[in-house]
Each structure stands twice: as C-alpha cells, then as structure tokens.
Amino acid sequence: MTRASLGGMTAIYKSEAGGRELRERYLRELAAWPVPAEHVRVPTREGETFVLVSGPRDAPPLVLLHGSGANASMWRGDVATWSRHFRVYAVDLVGEPGLSAPSRPALGSGAVAAWLDDVLDGLGLTGAAFAGTSLGGWTACRGVAGCASRRWRSPGWTRSGTGRRSTRSS
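Note that my numbering has the sequence shown beginning at 47, numbered continuously upward.
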C-alpha cells in the first residue's frame, strides 16, 4: 500500500506493484534469515512496528535501527555474530519499506522519541545498546535524548545524511 492512499501522506513506493514486489523480496529475505528469529509486532502510537528478535533471552539487549529507504534486512550480514552475544532486536522503522506501519513521525518534533519509547515499552526493554545507520542512528539519538529514565549504551551508529544541508556553493 502506498502512503498516498493513506490520507494523502507522501508515498513510500512509487506504485502499488513496486510496493508488492519489495514486500515479496523482503519476505524472502526474512525466510532466509541466518539465525532463528521471532517475528514480533509491537503496537505504537504511529501504528504497528515489526521487529525481528534473535539471540539468547538472557543476553543484554541490542536494538538495531536501519537507515532511510531500508528495512531490518540490512542487518543480515551482522546478526549471526551479534546474536551470539546479545538479544538482538532488528526494528523496521515506521514509514520505511519494511513491515511496519507506513506513518512517518515528524522529524522536527518529539514524535520519533515517543515512537521509539513505545517500541521499547512493547518489547519490555528498560535499557538497551543501540546500533543504527543514517536515519536509524539519528532515531537512536532522539530516543536517548527523549527518555532519560532508561539505561542506554551505543556500541556505534552513523548519523550521516540526517541534518540540514546548505544549498549554497562554497
């Protein structure tokens, strides 16, 4: 479903057919996930959020947040290693081409931190380490800044491409 068909919001996909094709490819990626994983759906104020959960139940939690235009499958090459040491939560950000709701929280508001807080509550996490790329790193930073009551760690993230850019030539 395109976002355009949901109350006039900007489309995630250029066409319904493109959306279907990407969803089918993603489902194939999930079927070939390199480690056993639970498929969890967490209700949030932005709609349902899809999370792949793997690793030992008693291991420290690691939340993975992908960049814009991606989904949790971007972690496929790393999840086997991380799942040996962590309880890994690979989250599909809302408003991106994964299995989460198509809504996109306003980036200039507290909505992103509130959404992430909902996800962590739904997963029963009172603290976690985070790894994210681009929009995912930015989301992790917003979540950390927006919720001082949780314990946070960041093994690493990249926040490239998430700030305002000048259009002036140097």
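Quick reminder that beta carbons are idealized off the backbone N, C-alpha and C, glycines included.
Would you mind working out which of the options sits nearest residue i, comparing C-alpha positions?
i: Ala77; options: Ala175, Pro143, Ala118, Leu162; result: Ala118
i: Trp79; options: Leu171, Lys60, Thr179, Met120; result: Met120
i: Leu111; options: Tyr135, Asp164, Glu67; result: Tyr135
i: Arg91; options: Val158, Gly65, Gly178, Gly173; result: Val158
i: Arg66; options: Ala186, Pro143, Ala174; result: Pro143
i: Leu162; options: Glu94, Ala105, His131, His85; result: Glu94
Locate the alpha helix (DSSP H) running through residue i, then write down its first and last residues.
i: Ala126; result: 125-131
i: Leu162; result: 157-169
Where does residue i fall in DSSP's three states?
i: Glu142; result: coil
i: Glu62; result: helix
i: Arg87; result: strand
i: Ala118; result: helix
i: Val97; result: strand
i: Ala78; result: coil
i: Ala136; result: strand
i: Arg188; result: helix
List the endpoints of the continuous beta strand (DSSP E) containing residue i.
i: Gly178; result: 173-179
i: Val109; result: 107-111
Tell me, which residues are paired with residue i by DSSP?
i: Pro102; result: Beta-bridge pairing links Pro102 to no other residue.
i: Tyr72; result: For Tyr72, which the question treats as bridged, DSSP gives no partner whatsoever.
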